[in-house]
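Protein chains in written order, with this note's numbering: chain A, 123 to 662; chain B, 120 to 586; chain C, 39 to 681. Virtual Cβ for every residue (Gly too), placed ideally from N, Cα, C. The structure displayed is predicted, hence computed values, not measured ones. Have a look at the structure below before the remarks.
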Amino acid sequence: MSSYILSLIIWMPLLGAFTLLFFNERQTSGIKIVALIFSLIQLLFSIGLVWRFDPNYGDHLLTSFQFVEKFSWISMSLGSFGSFNIDYHLGVDGMSLWLVVLSSLITVLGVLASWKLKQQVRSYFMLYLLLSTSIVGCFLALDFFLFYLFFELVLLPMFFLIGLWGGPRRSYASIKFFIYTLVGSLLILVVMIALYLSVGVLDPTSEMMIHSFNLLHMMDSNYFIEGSSLAKDSVLTFMGMPLRAVAFLALFLGFAIKLPIVPFHTWLPDAHVEAATPISVILAALLLKLGGYGLYRIAFSIFPDAALHFGYYIAIFGVLAIIYGGLNAMAQNDLKRMIAYSSISHMGFVLIGLGSFTVEGAAGGMFQMIAHGFISAALFLIVGVLYDRTQNRKIENFSGLATKLPGYSFVVMIVFFASLGLPGLAGFVGELLVLMGAFNVSAVDGMLPNWIGIVAVMGLLITAAYYLWTIQRMFLGKYWVREHSWEPKMKDLEIREWLIFTPLILGIVVLGMYPKIILDTMNHSIELFIAHVGDLKIKL
Amino acid sequence: MKINEQLIEIQEHFGVISSEIILITGSIILLILGILRLPLFWIKVFAAVVLLGSFLFAQQVSGFFFTRTIIRDDLSYLMTQLLPLITLGVLCFKRQAHQSYEFYFLLMSVLIGSLFMVGSHNLLILYLAIELTSYASYLLTGFHFNEKGSEAAMKYLLFGGVSSAVMLFGISLLYGAHDSLYFDTLEFSLLGATGLFFFLSGLFFKTSIVPFHIWVPATYEGAPTDAVAFFSTVPKIAGFAVLYHVFKWTNGLFNPFLEQLILLLAILTIVWGTLAALRQTDVKRMLSYGAVAHSGFILPLCLVMDTYSVFKYYVIIYAFMNILAFLFVQLHEKEGENLSLSNVSGLGIKFPLLGVISVIWAVALVGLPPTGGFMAKLFLFSTAWQHYGSMDSLYWLTFICVGVLSSAASLYFYLRVPYFYFFKEDQGKKIKINKRYFVILTLLAFTLILLFIQPNILDRFAPMINP
Amino acid sequence: MIMEDYLLALILLLPLLGGIMAYTIPSKSGIIASIFLSLTTILAGYYLSFVQGTLWMFQFEWLPGFVMGFAVDRSSAVLILLVSLISFLVHLFSIFYLSEDVHKDRYYLKLGFFTFSMLGLLMSDHLILLFIFWELVGFSSYLLIIFWFQDVKNAIAGRIAFMTNRIADLILFMGLLMLLGSGNDGFISSLGPLPENDSSTAIGICLLIGVLGKSAQFPFFTWLPHAMVGPTPISALIHAATMVAAGVYLLFRLFIVFDPYLLDWIASLGIITAFLGALIAACQTDMKAVLAYSTISQLGYMVMGMGVGAYDMALFHLWTHAFFKAGLFLCAGSVIHYLSIQDPTTAPQDMRRMGGLKSYLPITFWSYLVCMMALVGLPFFSGFLSKEGIILGVFSWAMQSENGLAFALPITALGISFLTAYYMGKQLLLVFFGSYRGEKSLKMLQKSWTEILPISVLAILSLGVFYRIHPLGGDLNFLEYWLGTQPKVEGSWVTPMIGSSILLVLLGLGFSYWTYGRQGMRKMKSFNSSRLSIFVQNGFYLDKFYMGILVPSFDWLAFKTSKVDTVLINPFFNKISVSIVVLSKVTDLFDRLIVDGLISLIKSVVQILGSMFTKFHPARVQIHFVSAIIGLVIILVWLKFAL
């Protein structure tokens, strides 16, 4: 299956960004149309990808990637290392497929959501398209170096997008975002280097060790060089812990900061509150998923033994995030901040799903990410609608909006209830699967005790509490807004906004009612993933 | 060997140092041309021709020459290729016609000294070469001819004098211990080790390793920006090359203690440089501390053998980044005034391209993709991990951790330039920028990115004789 | 059986479709929705007529490897007919009740959605599918409760109702997940008894809590009175006939899973709720609240019936109760609607200011009377048959029980008969007899058929003849036909039992007449004056406890947690950055002091020395030489002596 569809998907937005170079800063509508066209093309390609995707490809995690593109990119000789090889290596499997589709879709919607932007339009869209390229690149890279490149490349455009087009405290938020995630990614960098030096094949002709960044090699224990620092039999320790465990923890932390997990989450509310609406959407719907995807594709797949060892603690972190994020959301009076904390809470389920080491759990975590992609995007757009009209997001400044803005309130109702896990909408399925995984495990081999699932369910209750409370305070009751000057602006959704919300709501409803669309294509990969991790389970 | 034979040998060996000879002749001619009061452009052209000549006529040979006082190997070949090119980059900086030929003469003197430093295999020759670079540097520092410049030159002179005295003392101890001034005859002894340490401290001074770095901020602040760009690259890289040579040839002297000491110094340098840079408002001062931190990164590369490629890659990238950064700084400077961060506030709207370039060099200096700076750091950390893995030495691990953390911290200060550029309000200060420099800046920035995408193009540059 | 697939799909989807159609055509919304519902009812009836004995099943793969299914057997088919019939009648009544409301379209959409969810709940044969519809039922009930959301009180009430439900639902969810986790495939029709261990008890408790929540049992019953703020037809449909019965239905479905030990507890909780509910109902002044608490009480009966194993009778009671309670609520709706037009005040539901409505609303009155007779359990009315069945079941269970305390249950149940009769009699007297106690004089209103028809149909269906020809027993048994053969309760105690029950009902009615009818309405002023009765009237302040202590403490927890972020985590990382900044200042300062300090020291020393020495330096060169030579001589001399 040789085709360049993956490259096309990745580079299409970048091509758009280059096209924008030929535009004048003042041709705003032209710039927007170009951005829209290129993101739409990307979306079309990703839909085509789904079309041609074979859900039952491969019988092992390492051979289950489709549309693989592999070229030697950098190959240089560096003294004692042997040669330094980096491949341009792309591939897609059931886990990344839907994340790619989600990214392309959210990109298109984000362009629509930024339609009213007035200042520095060209730079904005160039950065925006660059961001899109790097996010999709992350999901498709099969070379650790390439992945890391895209992973880092996300930071810079995001930094500027928050810092230049954000709210009043945008510079603080952007720097906080940058530093937090950079610390995480530097941890990943160190592990990446260590892995690179531990993985290799002996070149039969020159008898030189050829190291590589190939993720597939890193996942395969056969490729580890005997006696290297991260080999299975490595005796190296760091502060009394085996080096493999430390490396896993470093990767985990690196990705989990992005997810985010609780003590390292404070960048998220700040970044969200300050960022403009489309950027918040990207941040919540896609950027958080990079962390989750990294855990699946890299941390767990490369160090299954260490992951199994820490599975319980990871699930505890998940529970902590659920409860802590939920309680925090409850206490916020800024709508956007509340939603940001609810994101933290929802991402906790991904960790539980991973920690359960079951097909249900892992699939649930993955599904939760995609569902959350739709839901959180819609949530932040909802805040954006209000903010566009009033430049205000305080919950107590509004009341009874349902009377004045029925269409908007209809959307809010669906999205809020999807987020609180109402069955029939997307939010429920992921949580159901994760909890099924968690409870399954407790019955089968006692890896996760029952209380994890029980406390996680309590988290759902908290979610319901703050969403209902918000609905009651903002949308029900007598219509009232704090400032008189807002009155004329309080109009219901316009066509452009309906255009943005419709696909999201469709997605939420369809995913909730018929999750099989996604899970069918994903399931095989998840099974292989669990089989890959489970191999070691038997050995232990 | 009789004198006669030696003389004949020396005569024969002149071809080996052809690039140095071209430089010497060229610089003398430059000095003479200065009397003609040629326009600045032609002076630059002439200097460029001389530098290019030395670059082109560099000889790739291997062995000892001039009665074993001069050594030629891959590293010295690399330096004879690289250092003139960097100097060529320094020529791109803007400069008043007034006394420019002296300036370029001194610049070339430093270059010549640096090349001899790298080529020497004898402590005495090395000392002489270092002194040559030092004196010329002192003069260059004061080239502003204002009080601040003189003060900087004075400081530099004082510290340089002390350090060269210490170094000479170390050399005498080494001689006393081994009866020889050649690198390869040095062996381990207590006296020798003491001597080596004193000697090294002289080199550490040149390469601005903590605690011998204290001249750096003051000097960089006071000296003309093109001179700073030059100092931070040519003599420094040469100093590291010498360190590389010394460690290579004095392998017998080595015991783990010294290795640990040097790693400790490297870690200290990184930490110190990063911390001190955090709150600077003067861009040059900030960059100078950043340069100190970078010295800490390069130092361990000299310590371990067979890292030639990594060393080469790192110093080349480092030179690129620094030239670009200082060129950028000089572009925004007003006459006789140092650039402070507030001066660039809000320029991003007027000069978005410059803003993007500032992002590129800042990101490169931090060591993030997609710039060559990332590749350099990647190679460096790979080397460090390799050594940690093979030796299980905690020092190497600490070095990696500190290096990584300082990268994160350095992001904060390096990114302040683009941060002020884009995020702050425009202060209405009029800054004239010559648009011609945009081309050079863009080219350099593009090269930095290219060096990320295809780092192996450097394989072609100064290839090893026996890879 | 392809035809059955389509038929049931139609039954399930028609209400939803009707709602959507009603929403799209707002002007005729009520009629359209009712037509769709009537179709559903007819289809359900048709289906019921041939379903006999067969079991319909439809399975589909919802998630990969995770099959769910619908199944309908006779007991669910009966309930499907019940739900669609009552829903249809409520639709009709709503046309009348909401004739003035502008948001009728939205109302019918929500109502259709509710009916759809409830039918789905009855049809689903998989635990997760059941839970999905279970939640949808709760959600649509929330939507309907907040239908008049412009009044924030309604919004709050809706939220409280939903949240209380949600708590119980999530615990149920846990139980279902644990049930699935213990190796069950989740099909209700293939459930078997669990192996006895800790987890089976945990599962049972979780499931039980879910039941208690949805069926508004103690201690969760506080939500049902809150739910009464919705339009009265909604109360009739959801909070009397259908949704609250879901818990009982679930209990019926999962009966096999519960430990016998747990079943005793279920029975006890049921009787407690029944008793408390009746007690509270007796102290209410609000017309709908009486009915709400009465519903709680009757549901307690059903739960108790389930607990003692008389699940057939409990289900039967569910059926009969649905009709007469829906009828009662619709009557209340008719009264409230009438009064709110005739005499608009802030409290149109307060019984203290009603009275004498018998002559103004004759049809309502007669229907109310019939339904009430059914509720209190007088012979010839449907409630009698089912209630007696439950009481007999409880009694025979108590006879078989080894524990003597078990007799407390049937005895209490008899006591509740008395209470029920008392409060219903009281309501009847207060509302319909005597003279009107409001300010304005009332007028006779033109009756609309959409008002009369549903009420009278429900009243007629509350007659006993539809269920059993013989008023006190006999052979032609409705249950046997629809629910399969029942174990006969026999014994010499049956007749005295029934007799005493009837007697107690009559006593209750008499007592209410003695207090409220005989002495006229003069006691109205001192109604509920004692502290005890106020305490009981407020539902033992259980709700106040929840809202006043539990919820604020939860809020407090949330607030404190958010403080962790702002007080602990953020400052912690800020402190780190501040300390780095301080460190960097120190480093910088050190550099500056050492460098600049040293340099300026040297500079000043050199300057001082220089100025000193210039004084010694005379101008002439010869003197230089002389001084140099003198200096040399001094050194030589010093060397001489030193060596």
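Query, Result
"Rounded to a whole number of angstroms, what is the C-alpha to C-alpha distance between C:Asp324 and C:Met389?", "6 angstroms"
"Taking any Cβ of chain C, which residues in the stretch 587-602 of chain A have a Cβ under 9 angstroms from it, in chain order?", "Ala587, Tyr588, Leu590, Trp591, Ile593, Gln594, Arg595, Phe597, Leu598, Gly599, Lys600, Tyr601"
"Output the distance between the C-alpha atoms of A:Pro391 and A:Arg459, rounded to the nearest integer angstrom.", "6 angstroms"
"Residues of chain B with CB under 7 angstroms from A:Ile379, in chain order?", "Within 7 angstroms Cβ-Cβ: nothing; A:Ile379 doesn't reach chain B, min ~12 angstroms."
"Taking Cβ to Cβ, would you say B:Val347 is nearer than 9 angstroms to B:Ser407?", "yes"
"State yes or no: is the C-beta of C:Leu356 within less than 9 angstroms of the C-beta of C:Ala254?", "no"
"I need the straight-line Cα distance from C:Leu15 to C:Glu138, nearest angstrom please.", "Since the first and last residues shown for chain C are 39 and 681, residue 15 of chain C lies out of range."
"Can you tell me the Cβ-Cβ gap for C:Phe225 and C:His164, rounded? I've got them flagged as a contact below 8 angstroms.", "6 angstroms"
"Beta-carbon of A:Gly285 versus every beta-carbon of chain B: anything under 9 angstroms?", "yes"
"Are the stretch 571-590 of chain A and the stretch 502-510 of chain A in contact at 8 angstroms, needing three or more beta carbon pairs?", "no"
"If contacts are defined as beta-carbon pairs under 8 angstroms, then A:Leu183 and A:Met341 qualify, I think. What distance do you get, rounded to the angstrom?", "7 angstroms"
"Name the chain B residues that come within less than 7 angstroms of C:Ser622, Cβ to Cβ?", "Leu394, Ala395, Leu397, Arg398"
"B:Ile333 CB to nearest chain C CB: under 9 angstroms?", "yes"
"Take the Cβ of C:Asp513 as the centre, count every other Cβ of all protein chains shown within 10 Å, and call the residue buried at 16 or more, exposed below.", "Below a pLDDT of 50, predicted positions are generally treated as unreliable, and C:Asp513, at 46, falls in that range; no measurement from the model is reported."
"Could you tell me the distance, in whole angstroms, from the CA atom of C:Lys582 to the CA atom of C:Val589?", "10 angstroms"
"In this structure, does DSSP put A:Tyr636 in helix, strand or coil?", "coil"
"Between the Cα of A:Leu570 and the Cα atoms of A:Ala493, A:Ala369, A:Asn450, A:Gly475, which residue gives the shortest distance?", "A:Gly475"
"Return the bridge partner residues of C:Pro233 from the DSSP annotation.", "DSSP lists no partner for C:Pro233."
"So is A:Arg148 buried or exposed if we call it buried at 16+ other beta carbons inside 10 Å?", "exposed"
"Nearest chain A C-beta to B:Leu527 closer than 9 angstroms, yes or no?", "One point to set straight first is that residue 527 of chain B is Ala, not Leu, in the sequence displayed. So yes, B:Ala527 belongs to the interface."
"Where does the unbroken beta strand (DSSP E) through C:Met106 begin, and where does it stop?", "104-110"
"Taking the alpha-carbon of C:Lys148 as reference, which of C:Val128, C:Ser162, C:Phe134 has the nearest alpha-carbon?", "C:Val128"
"For the stretch 574-587 of chain C, enumerate the residues whose C-beta is nearer than 8 angstroms to any C-beta of chain A, in chain order.", "none"
"For A:Pro686, write down the residues that DSSP places opposite it in a beta bridge.", "No statement about residue 686 of chain A is possible, as the shown extent of chain A runs from 123 to 662 and does not include it."
"If we require 4 or more residues per run, which alpha helix (DSSP H) segments fall completely within the stretch 109-186 of chain C?", "112-135, 142-161, 165-183"
"What is the rounded straight-line gap between the Cα of A:Ser296 and the Cα of B:Val482?", "16 angstroms"
"Can you list, in chain order, the residues of its chain whose CB lies under 6 angstroms from that of B:Lys543, leaving out five sequence neighbours each side?", "Ser464, Gly465"
"For B:Trp391, which residues in chain C fall below 7 angstroms Cβ to Cβ?", "Thr625"
"Between the beta-carbon of A:Val230 and the beta-carbon of A:Leu283, is there less than 9 angstroms?", "no"
"State the beta-bridge partners of A:Gly322 as determined by DSSP.", "A:His333"
"For a contact meaning CB atoms closer than 7 angstroms, what does A:Ala316 contact in chain B?", "Trp504"
"Looking only at DSSP bridge pairs, what is A:Ser194 linked to?", "A:Asp209"
"Taking the C-alpha atoms as reference points, what is the distance between C:Tyr349 and C:Ser539?", "20 angstroms"
"For C:Phe200, decide whether its Cβ has a neighbour in chain A, counting only Cβ atoms nearer than 9 angstroms.", "yes"
"Name, in chain order, the residues that DSSP records as bridge partners for C:Phe419.", "C:Leu501"
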